[in-house]
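Just below is one structure, and these are the notes that go with it.
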Amino acid sequence: MPNRLFSGVARALVGCSLALAAVGSAQVAGDGTHMGWSAYGGAEDGSQYSALKQINRANVKSLRQVWSVPTGDARLYAFNPLVIGETMYVLAQDYSVVALHAATGAQIWAHPLKPKTPLVTNRGLSYWQSADGKDRRLILAVDNHLEEIDAATGKSITSFGKDGLVDLREGLGRDVQRLTLVQSYNPGRVFHDVIIFGSATNEEYDSGPGDIRAFDIRTGRPAWTFHTIPHPGEFGYDTWPKDAWKTVGGANAWSGMALDEKRGIVYVPTASPKYNFYGGNRAGNNLFGDSLLALDANTGKLLWHFQMVHHDIWDYDNPNTPMLATVKHNGKLVDIVAQTSKTGYLWVFDRVTGKPLWPVEERAVPKSPMAGEVTSPTQPVPTKPVPFARQTFTSKDLSPYLEPEEHERLKKQIDSARNEGLFTPPSTDDTVEMPGNNGGANFGGTAIDPAHGYLYVVSKDLPAMLKLQLPPAAPAGNTAEARGAAVYANTCSLCHGINREGKLPVIPTLVDIHSRLSETQIRETVRYGKGMMPSFGSLPPAQVDDLMKFLKNPGLPMTQTTTTASSTADPKTLRYRSGFGFMFAESGLPVIAPPWTTITAYDLNTGDVQWKAPLGDVPELAEKGITGTGSHFPKVAPVVTAGGLIFTGTRDRKVRALDASNGKVLWEAEVPSAIEGMPAIYQVAGKQYVVFCVSARATTRTHAVPGHPASVDPVHGSYVAFALPN
């Protein structure tokens, strides 16, 4: 069905849009919203903007490190520090929330979270205080539970929920014990006395639903729920099979939300339904997957929506916080919301009505050849602005840094693959996907100057090669090892190979895995996932036991007997799978020609690109004099300032300040490890600071090539702050 752009509530709000349109510029300059760093992304609007300008184009070259605080462990943190007054809150020391003096880095208190699982909101915290300022709380998720901490003392608030916890697995209408991943790794948004939270579901067929929920901050009681997979009687229910709300998962909001506090509207970007690459079990356009939702923050009622991808079978999530700004469009001030995507498209809407600022066309796309798969005949395409990422990839685009034999092998593979553009449906043949399911925009990669309407997006070009397969045949038998082989065939073999050989440097081998990891570590990885590996927490304990025995004693090899199901098979029961298919060379670099990472500046008043530049370098190439390639596989987030600067980090162990008017590097500094995440910009006693989270174990390569020093002796993480000399 076509996108539904308007609802009755949205129409009712149109009349007030012009009256409020002029608020944008005044808000940025006058009410202090962007003068500190009191929420993830700077403020509850998530704009990644600072109105501070003590550090500016003229003096940024004098920026110096003023303090550094180690995390105290080798865990991978990608945290956006929170600053309230003179206190900074970070995640460190074996998943402890730590309060620091923001001007010196001196520790004030530490609260050990003691998670039983690797599930921690590791990208930021939410902060709330009562009207009189006496009750001050930090809010985060741990082990699929919401938890609150007294911001002054670091002690748990046990009056919240049940003994200080709210179980996020409850209230979703699914078996709680089978929901192993519900919480988001990003913090929620605080509106009055509720916390609005999204989720990061599993990547498998039996994932949980991506409901958007609000909880009372004082009590933990549910305030409202919006079903992203509609229930009977709800709008969008007819875009799914009738019982999908009971069985299908995903359509979740893992990337971050934006809050228009004056209007009481929360903007929620959603991800793909599950499974990512085959949708025979979920015929229809699948609202509200891959959509931008405008919800009443008081009630959760849908005001308007726009779906960017119908019936997504490419994992083309909306991976960034929506950006709010005021622009001049056709001679009138318009409050807008802008959304970047993995596809490389930038979508811009009137944030009151949901109407696109520029026309959107429904264009014909290829039909899936898979039995049981019913793809949408069209997909929406914005006519403006132009994409920020490359959307095609052929053998002519291969990297000049490939070895000749590898170049020839890849050329043959690409030339023989299905390759019909951005929406080429995956099949049992090799299928090119570009910019890829981990390309385009990602994790906090967009910032905006809300007063002037200038948007900046970090993007990577990372082609993927998808190929749908059915599980291979495991050796017959009823021993634990044979049963474990069947489990491996169904859940692991697609990525790690039927003989556990992996696909270096992207996917590690599982041969002799017990010599590298303890059984406890292996079990945790299977249950909760790690890095690019999804969670398989729905596996019954007995099957996990059998899998452990198989990995220790694999016995006979498996065989790939078939890749195609019988023509009479029920598509609702088929379990085709594909690996993510990231195309890396043996060197660990992308196979596509650089630039691999870029930053693009748009003027949303006109919809035009102002400039585009590579972001970062690859140290191994820079040592040979090859620069301007862009870094690769970044999950970095820019922050733009009123001083005319963009602060960001990259995988080349550098932090940089760019000129926001042209993208030129005005300042850079080397840090101990790679950057992953978003800096915070704040002021204490009249002095402006910029702090970065330097990621432990983050290497300069996407996946450590065997023998790479970073994989042998990982650097611990730290928080590093910079300021101008006194």
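In mature numbering (1 follows the signal peptide of the UniProt record, and there is no 0), the protein residues as written are -21 to -1, 1 to 705. Backbone N, C-alpha and C fix where the C-beta goes; we use that ideal spot for every residue, glycine too. Remember, predicted model here, so these are calculated numbers, not experimental data.
- The closest CA to that of D122, considering only L637, G112, Q156 and N457, is found on Q156.
- Taken in chain order, the complete alpha helix (DSSP H) segments of 4 or more residues contained in the region 199 to 280 are 223 to 226.
- T410 counts as buried, since at least 16 other C-beta atoms from the protein chains shown sit within 10 angstroms of its C-beta.
- Secondary structure note for K528: its alpha helix (DSSP H) is the uninterrupted segment P520 to K531.
- When Y19, G21, A22 and A85 are compared, the shortest CA-CA separation from S47 is found for A85.
- Contact check between the region 31 to 44 and the region 622 to 638: three or more CB pairs, one atom from each, fall below 8 Å, which counts as touching.
- In this structure, H284 lies near L271, with their beta-carbon atoms less than 8 Å apart.
- Taking a contact as a CB-CB distance under 8 Å, the pair L703 and S41 counts as one, their CB atoms being some 6 Å apart.
- DSSP places D394 in the uninterrupted alpha helix (DSSP H) bounded by P383 to S395.
- For G628, no alpha helix (DSSP H) encloses it; the enclosing beta strand (DSSP E) starts and ends at L624 to G628.
- The Cβ atoms of A71 and G103 do not sit closer than 8 Å to each other.
- When the beta-carbon positions are compared, V245 and F170 come within less than 8 Å of each other.
- Within a 10 Å sphere around the beta-carbon of G310 sit fewer than 16 other beta-carbons, which makes this residue exposed.
- Closest in C-alpha terms to E602, from the list N584, D631, T576 and M287, comes D631.
- DSSP places K141 within a strand segment (E or B) once states are collapsed to three.
- With 16 or more neighbouring CB atoms inside 10 Å of its own CB, D329 falls in the buried class.
- If you ignore the 5 residues before and after G560, its C-beta comes within less than 6 Å of the C-beta of A443, M444 and L445, all in its own chain and listed in chain order.
- Non-local C-beta neighbours of D172 in its own chain, meaning closer than 6 Å and more than five positions away in sequence, comprise I196, ordered along the chain.
- Using a Cβ distance threshold of 8 Å, S163 and A193 do not count as a contacting pair.
- If you draw a straight line from the Cα of W337 to the Cα of T362, it is about 7 Å long.
- Nearest C-alpha to A664 among Q44, S320, T83 and Y74: T83.
- The alpha-carbon separation between D190 and G279 amounts to approximately 11 Å.
- The Cβ atoms of P97 and H695 lie no closer than 8 Å to each other.
- Residue pairing by DSSP places A636 opposite F626 and W646 in a beta bridge.
- Counting the other CB atoms within 10 Å of its CB gives N705 a total below 16, which places it among the exposed residues.
- DSSP places C672 in the uninterrupted beta strand (DSSP E) bounded by K666 to V673.
- Contiguous beta strand (DSSP E) elements confined to the region 119 to 190 occur at 124 to 129, 144 to 146, 168 to 170 and 173 to 176, taking only those with 3 or more residues.
- Contact between D294 and S517 is absent: CB atoms are separated by about 19 Å, not below the 8 Å threshold.
- Counting only the Cα atoms, A426 lies some 13 Å from H13.
- Taking one beta carbon from each stretch, the region 73 to 80 and the region 135 to 147 have fewer than 3 pairs nearer than 8 Å; the two do not touch.
- With distances taken between CA atoms, G143 lies nearest to G199 out of G199, S251 and G167.
- Taking all protein chains shown into account, G609 has 16 or more neighbouring C-beta atoms within 10 Å of its C-beta and is therefore buried.
- Using a 10 angstroms sphere on the CB of S109, the tally of other CB atoms stays under 16, which defines it as exposed.
- A distance of 8 Å or more separates the beta carbons of P405 and I571.
- Contact between S438 and T579 holds, with the beta-carbon distance rounding to 7 Å and staying under 8 Å.
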